[in-house]
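Novice: The structure follows.
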Amino acid sequence: MQYVSATALPVLTYWACLASVVVKAAAPSLPTPCGELSPACLQRALQTALPGFTRGFPELGITPLDPFVVDELKLVLRGGLQIHFYKGVAKGFRNCQIGSANMTGGVLEVTARCNLTVKGKYKSSGRLLLFSIDGEGDSLIRAKELELRAQVALSTRSRGGRAYLQVDGFRSQQQYRGQVSYQMTNLIRGSPQLSRAVLAFMNANWRVVAEEFGDPIVEFGLAAIMENVKKLLDQVPVEDLLKSV
Ligand SMILES: *[C@@H]1O[C@H](CO)[C@@H](O)[C@H](O)[C@H]1NC(C)=O
Ligand SMILES: *[C@@H]1O[C@H](CO)[C@@H](O)[C@H](O)[C@H]1NC(C)=O
C-alpha cells in the first residue's frame, strides 16, 4: 500500500470499486473492495477519487482537469452566433460534489454539482437572442450549482491476456440550479454603452443565455473528462486496479 502514491490511491480505489463488479463474473474469487457495488460505495469512492483524478497523470499522458486549459474552442450556436474562445482556463472540477451514483446493467450513472468558472478571451459575431453581437474581449463566466448527470456504458475487453475496462457509450445532461453570471468586455465592438446594456441583459436573463451558450461549453468540458477516463482505463488493466487497493 505504501508504494502507491497518495494521489493515485483514491483514484485506484474508485476504479477498483467499479472494476470489481465487472470482473466478478469472470473471476469470482477476486477481492471486491466495495462489497456489493452499492450506490453509497460508488458515491464515496467517486468523491474520494475526484481530486486525484482532476490533477491528471502526466506519466500516462493524462492532462490536468483543474485548472483545465482550453487553448481554443469554436462554437456555432443554434441562432447562428459564432463564438471563438481562446486562452481559456476552467476551474472548479476538483471540488464538485458527487450527489449519487449507481451501476445498473453495465451503465454507470452519476450526478454531481459543481461551482465552475471559465475565464478567457473571446471573439464573436452573429445574433444572441435579440442582439446582433460583434465583439472581442475578455470573458469570465461563473456557474453556481451546475448539476451534471452522466451515463457511462462500460464493458471489459482483453488485450495481451489482460482485462481492461472500456467505455462503450456516454451521455450527459446539465441543469443550471444556481445563477450563472457573465462578465464580458466589448460585446459590441467600439460601443461600451451598448456592450454594458447587452451584458446587463445577459445577466438578467442568465438562464436562457446559459441554455443557449453554456450547454456547448459544458459538453466540451465533459467530453474532455471522458477522454481522460478512457485513457486511464485503456492503460491500467483491471487487475492492477484491484491489486492496488
Ligand atoms: C439510479 O437508479 C435509479 C433506478 O434505476 C434511477 O432512477 C436513478 O436516477 C439512478 N441514478 C442515480 C445517479 O442515482
Ligand atoms: C458553491 O458555492 C456556494 C457558496 O458560494 C456553496 O455554498 C456551495 O456549497 C458550493 N457548491 C458546491 C457544489 O461546491
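For the sequence shown, the residue numbers in the working numbering are 192 to 436. Glycine included, C-beta positions come from ideal geometry on N, C-alpha and C.
(1) Mind checking whether the beta-carbon of Q288 lies closer than 8 Å to any heavy atom of ligand 2?
(2) Measure the C-alpha to C-alpha separation of P222 and A344 and round it to an integer number of angstroms.
(3) By how many angstroms is the C-alpha of F248 removed from the C-alpha of N419?
(4) Do you know offhand how far V214's Cα is from P428's?
(5) Less than 8 Å between the CB atoms is what I'm expecting for T245 and R285, so what's the real figure, rounded?
(6) Looking only at its own chain, which residues have a Cβ that is under 8 Å from the Cβ of G283, when we skip the five neighbours before and after it?
(7) Throw me the rounded Cβ distance for the V301 and A281 pair, which I believe falls under 8 Å.
(8) With distances taken between CB atoms, is the gap from F483 to L266 smaller than 9 Å?
(9) K278 and K314: beta carbons closer than 9 Å?
(10) Could you check what DSSP says for V358 in three-state terms: helix, strand or coil?
(11) For S220, I'd like the list of residues in its chain whose CB is within less than 7 Å of its CB, leaving aside the five on either flank, ordered along the chain.
(12) Does the Cβ-Cβ distance between G317 and Q273 come in under 9 Å?
(13) Excluding the 5 residues flanking K335 on each side, which residues of the same chain have their C-beta closer than 6 Å to its C-beta?
(14) Under the DSSP definition of a beta bridge, which residues are partnered with L319?
(15) Could you work out which residue in I289, F322, F276, G381 is closest to A391 when comparing CA atoms only?
(16) Where does the unbroken beta strand (DSSP E) through I274 begin, and where does it stop?
(17) Flag this pair as yes or no: are the beta carbons of E338 and G412 separated by less than 9 Å?
Specialist: In brief:
(1) yes
(2) With a pLDDT of only 39 at P222, under the threshold of 50, the placement of this residue in the model should not be trusted, and no figure is reported.
(3) 9 Å
(4) Residue placement at V214 cannot be trusted, given a pLDDT of 42 that sits under 50; the coordinates are not used to answer.
(5) 4 Å
(6) D257, C305, N306, L307, T308
(7) Incorrect: roughly 19 Å between the Cβ atoms, too far for contact.
(8) Here the chain covers residues 192 to 436 and nothing more, so residue 483 does not appear.
(9) no
(10) strand
(11) Because the pLDDT at S220 is just 35, under 50, the model does not fix this residue reliably, and the value given afterwards should be weighed accordingly. Excluding sequence neighbours, S220 sits near nothing in its chain.
(12) yes
(13) N306, G369, Q370
(14) F322
(15) F322
(16) 273 to 282
(17) no
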